[in-house]
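Note sheet for the following structure.
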Amino acid sequence: MTGIRLTAPAPGWAIDADVVVVGSGVAGLTAALRCAAAGLDTVVVTKARLDDGSTRWAQGGIAAALGEGDTPEQHLDDTLVAGAGLCDEEAVRTLVTEGPDAVRRLIDTGAHFDTTDGGDIALTREGGHHRRRIAHAGGDATGAEISRALVAAVREAALHTIENALVLDLLTDAEGRTAGVSLHVMGEGQHDGVGAVRAPSVVLATGGMGQVFSATTNPSVSTGDGVALALRAGAEVSDLEFVQFHPTVLFLGADSEGQQPLVSEAVRGEGAHLVDADGVRFMTGQHELAELAPRDIVAKGITRRMHEKGAEHMYLDARHFGAAMWEQRFPTILAACRSHGIDPVTEPVPVAPAAHYASGGVRTDLRGRTTVPGLYACGEVACTGVHGANRLASNSLLEGLVFAERIAADIAETRPPRTEPAAVADAGEPVALPAPEARTAIQRAMTRGAGVLRSAESLAAAAAELEALHREAAADAEEAGGAGGSGAKAVVPGVDAWEVANLLLVSRVLVAAARDREETRGCHWREDRPDRDDVHGRRHLVVRIAPDRTPVVHRTETAAFPPVRPSD
593 MTGIRLTAPA PGWAIDADVV VVGSGVAGLT AALRCAAAGL DTVVVTKARL
643 DDGSTRWAQG GIAAALGEGD TPEQHLDDTL VAGAGLCDEE AVRTLVTEGP
693 DAVRRLIDTG AHFDTTDGGD IALTREGGHH RRRIAHAGGD ATGAEISRAL
743 VAAVREAALH TIENALVLDL LTDAEGRTAG VSLHVMGEGQ HDGVGAVRAP
793 SVVLATGGMG QVFSATTNPS VSTGDGVALA LRAGAEVSDL EFVQFHPTVL
843 FLGADSEGQQ PLVSEAVRGE GAHLVDADGV RFMTGQHELA ELAPRDIVAK
893 GITRRMHEKG AEHMYLDARH FGAAMWEQRF PTILAACRSH GIDPVTEPVP
943 VAPAAHYASG GVRTDLRGRT TVPGLYACGE VACTGVHGAN RLASNSLLEG
993 LVFAERIAAD IAETRPPRTE PAAVADAGEP VALPAPEART AIQRAMTRGA
1043 GVLRSAESLA AAAAELEALH REAAADAEEA GGAGGSGAKA VVPGVDAWEV
1093 ANLLLVSRVL VAAARDREET RGCHWREDRP DRDDVHGRRH LVVRIAPDRT
1143 PVVHRTETAA FPPVRPSD
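Now the structure itself:
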């Protein structure tokens, strides 16, 4: 344990369970349903409403070898190529071989995918895939349909759910084993304010951390809460430097901040072209798949062209689709574009890269176990080794599905006994909370220094800005009479301050890893180190937080992950 926790009131209420699942996307709800089906008393905690997680925003679909002539081996090959030499092949093989049946079980749960006239699942193609293997729903509303089906199943199963709750810290027993979580429920209800769910198994499925950047496709709840909780609890995280920037996000202006509308890769999969202001297709010749190259290559291609032309964005041209195809295949994207005064039927769509997906996260094994006994992670918050240096399009929903099932199976098999959490006061000194206004400063520092283009100079500047914010929070807390003190400058514990503390911690760790990786690989693009270094770079960067709050970066000896348990 690190002895680090958030500054927060002591829990004023508590409930007991066998499992607490934090998050309500495809990973969290699948894990919860499988645990409940195994007879485990399961509680779901989610930051907003049940259907408000990142899953509902997924447009493109879910990748699996479901089509005629496609095989898991081909899916494996495409995933390994996209991962740029850092995928864990055993993890990828697990994903692609168990994936098709996991999708079929999702259909049995109630998810309805688009079908062909013959009744088969309709499949499309996205970047990095050599075959059509992306199952979609409602044209471009796949995530919304999956979320709908899983939420309905959770409600039908009458699972205990706590909505509008921000998870704070991991609770542990006297031996350092997981004993639940502390959380804050926003608003009145059955539970209110800071409380605890005591459980010997905790599943983190909190989604991403896109809000560390100024512009992202992630919803406002994606503030890295799960990664930050795991770091404070002493867990290891890995590959956090590999942030995928989606190449085609609707450009709303250079000053636009927060969640931006995504223009799904499936639009390019159906034949849309990337062009500059002169109508020139600039991805042709850069990669054999042109616009359908892996996302890091397309994002770099767009960024390079923007620099060459002195432009703030490029264009996605799909006028040749015609109105009928836009309305039937991409109704969500069409509506989003039109709501911002752009009609894709008659004009090219302005696009630019924005932060989209964290390929790294809390390090796990193939059963979703982290380095903290009793703590599991799945979905975007986790680093299973599946994505390597760059996630293959539409593998994210599949990863959440497959590894959530594996976590539930492990918990059901081991059934650890409930233990008493140690007193919160014994967990060490609380973190000094940054002022809520620091959120914008963090996001701008990260966007400038650790965005699509990085260098030693830009990362050093970002590190300095983040460290200054960290020191300022500590100094203010000390001046106010200690962290959580009641002096004039003390930051009042609350959702805004806790989120900013999480953003700051995750940002500091991400930048530490990005500075250490002195090469360009996957979605980590170092301008000053443009080449891939397979001699020294085919290693994972594992980070933990030392008791003095500093990130400690460790480089693995090979491209394989070490076991999460010394005895394994």
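Using the numbering used here, the letters of the sequence shown map in sequence onto residues 593 to 1160.
Glycine included, each C-beta is placed from N, C-alpha and C at the ideal position.
The beta strand (DSSP E) that contains residue i, what's its start and end?
{"i": "A950", "result": "V941 to A950"}
{"i": "M906", "result": "M906 to D909"}
{"i": "S931", "result": "Unbroken run through S931 is the alpha helix (DSSP H), P923 to S931; no beta strand (DSSP E)."}
{"i": "L842", "result": "V835 to L842"}
{"i": "A788", "result": "G785 to R790"}
{"i": "D608", "result": "A606 to D608"}
{"i": "H1116", "result": "From DSSP, H1116 is part of no beta strand (DSSP E); its letter is neither H nor E."}
{"i": "L866", "result": "H865 to V867"}
Among the candidates the options, whose CA atom is the shortest distance from the CA of residue i?
{"i": "G1086", "options": "Q651, L760 and C627", "result": "L760"}
{"i": "L1096", "options": "V1127, W1117, D1126 and E1064", "result": "E1064"}
{"i": "T1006", "options": "R961, Q803, K892 and Q920", "result": "R961"}
{"i": "D578", "options": "G617, S830 and D1002", "result": "The first residue shown for the chain is 593 and the last is 1160, placing residue 578 beyond what the model contains."}
{"i": "K639", "options": "T798, A996 and L821", "result": "T798"}
{"i": "G953", "options": "G800, H776 and A745", "result": "G800"}
{"i": "Q920", "options": "A885, E904, V937 and D610", "result": "V937"}
{"i": "R717", "options": "V688, L642, A864 and P1122", "result": "A864"}
{"i": "V561", "options": "D608, G659 and A656", "result": "No answer is possible for residue 561: the residues shown for the chain start at 593 and end at 1160."}
{"i": "V611", "options": "W605, L842, R626 and A600", "result": "R626"}
{"i": "L908", "options": "A750, G871, L698 and D1088", "result": "G871"}
{"i": "V841", "options": "D1125, G1043, E1049 and A947", "result": "A947"}
{"i": "Q803", "options": "D1088, A657 and V1134", "result": "D1088"}
{"i": "G971", "options": "G617, I596 and T594", "result": "G617"}
{"i": "L881", "options": "I1137, A749, A674 and R1141", "result": "A674"}
{"i": "I1034", "options": "F805, H667 and E755", "result": "F805"}
{"i": "T1032", "options": "E1057, L698 and E1021", "result": "E1057"}
{"i": "A628", "options": "A749, V973, E991 and R1141", "result": "A749"}
{"i": "T1142", "options": "A1104, E1091, G615 and E1070", "result": "A1104"}
{"i": "L762", "options": "A727, S951, A1014 and P853", "result": "A1014"}
{"i": "A1067", "options": "L751, V1083 and A885", "result": "V1083"}
{"i": "E1110", "options": "R725, H728, A741 and S1050", "result": "S1050"}
{"i": "R597", "options": "A820, H667, G661 and G645", "result": "A820"}
{"i": "H783", "options": "E767, I754 and R959", "result": "I754"}
{"i": "V613", "options": "D1125, T1150, A600 and L751", "result": "L751"}
{"i": "M898", "options": "A915, F874, A916 and M917", "result": "F874"}
{"i": "G779", "options": "A727, L1061, R641 and E665", "result": "R641"}
According to DSSP, what are the bridge partners of residue i?
{"i": "Q851", "result": "T808"}
{"i": "D761", "result": "S774"}
{"i": "T716", "result": "I726"}
{"i": "T663", "result": "DSSP output for T663 lists no bridge partner at all."}
{"i": "C975", "result": "R955"}
{"i": "V1164", "result": "For the chain, the structure presents residues 593 to 1160; residue 1164 sits outside this window and is missing."}
{"i": "T969", "result": "This sequence places Ala at residue 969; Thr is not what is there. Answer by DSSP bridge pairing, in chain order: L796."}
{"i": "S814", "result": "According to DSSP, which records beta bridges pairwise, S814 is partnered with nothing at all."}
{"i": "V829", "result": "V954 and V1135"}
{"i": "A600", "result": "The partner list for A600 (beta bridge, DSSP) is empty, contrary to what the question assumes."}
{"i": "A655", "result": "I726"}
Report yes or no: is there a C-beta of chain B within less than 8 Å of the C-beta of residue i?
{"i": "I934", "result": "This model lacks chain B altogether; it includes just one protein chain."}
List the endpoints of the continuous alpha helix (DSSP H) containing residue i.
{"i": "L796", "result": "Careful: L796 lies outside any alpha helix (DSSP H), inside the beta strand (DSSP E) at S793 to L796."}
{"i": "T1032", "result": "A1030 to A1042"}
{"i": "V1098", "result": "V1087 to D1108"}
{"i": "I1137", "result": "Element bounds for I1137: not the alpha helix (DSSP H) but the beta strand (DSSP E), L1133 to I1137."}
{"i": "V1144", "result": "V1144 -> not in any alpha helix (DSSP H); beta strand (DSSP E) instead, spanning P1143 to R1147."}
{"i": "H912", "result": "Per DSSP, H912 belongs to no alpha helix (DSSP H) and is neither H nor E."}
{"i": "H721", "result": "Neither: H721 is in no alpha helix (DSSP H) and is coded neither H nor E."}
{"i": "Q899", "result": "With the sequence shown as reference, residue 899 is identified as His, and Gln is not the correct amino acid for it. Counting along the chain, the alpha helix (DSSP H) containing H899 begins and ends at R887 to K901."}
{"i": "G691", "result": "E681 to T701"}
Write down the C-beta distance between residue i and residue j rounded to the nearest angstrom, noting that I regard them as a contact closer than 8 Å.
{"i": "T764", "j": "N1094", "result": "19 Å between Cβ atoms; not a contact."}
{"i": "V1156", "j": "R955", "result": "7 Å"}
{"i": "P603", "j": "A788", "result": "4 Å"}
{"i": "A771", "j": "T1011", "result": "5 Å"}
{"i": "V941", "j": "C929", "result": "6 Å"}
{"i": "V684", "j": "L672", "result": "6 Å"}
{"i": "V795", "j": "A623", "result": "5 Å"}
{"i": "A656", "j": "R724", "result": "With a Cβ gap of about 11 Å, A656 and R724 do not count as contacting."}
Is the closest heavy atom of the ligand ZN to the C-beta of residue i under 7 Å?
{"i": "A1106", "result": "Here there are no bound small molecules, and the ligand ZN is not part of this structure."}
Query raised in the report: For the 8 Å Cβ check, are there 3 or more pairs between the region 702–719 and the region 678–685?
Result: Under the three-pair Cβ rule at 8 Å, the region 702–719 does not count as touching the region 678–685.
Query raised in the report: Do three or more CB pairs link the region 727–739 to the region 921–931 at distances below 8 Å?
Result: yes
Requested in this report: Specify whether the region 844–853 and the region 879–890 touch according to this definition: at least 3 beta carbon pairs, one from each stretch, less than 8 Å apart.
Outcome: no
Query raised in the report: With a cut-off of 8 Å, do at least 3 Cβ pairs link the region 709–721 to the region 993–1007?
Result: Output reads no: the region 993–1007 does not touch the region 709–721.
Query raised in the report: Within the chosen definition, does the region 648–660 reach the region 1020–1037 through at least 3 CB pairs nearer than 8 Å?
Result: no
Query raised in the report: Is the number of C-beta pairs between the region 817–835 and the region 1101–1121 that are closer than 8 Å three or more?
Result: yes
Query - the region 931–946 touching the region 1127–1143, judged by at least three CB pairs closer than 8 Å - result: Short answer: they don't touch.
Requested in this report: Could you tell me whether the region 984–997 touches the region 815–829, where touching means 3 or more Cβ pairs closer than 8 Å?
Outcome: no
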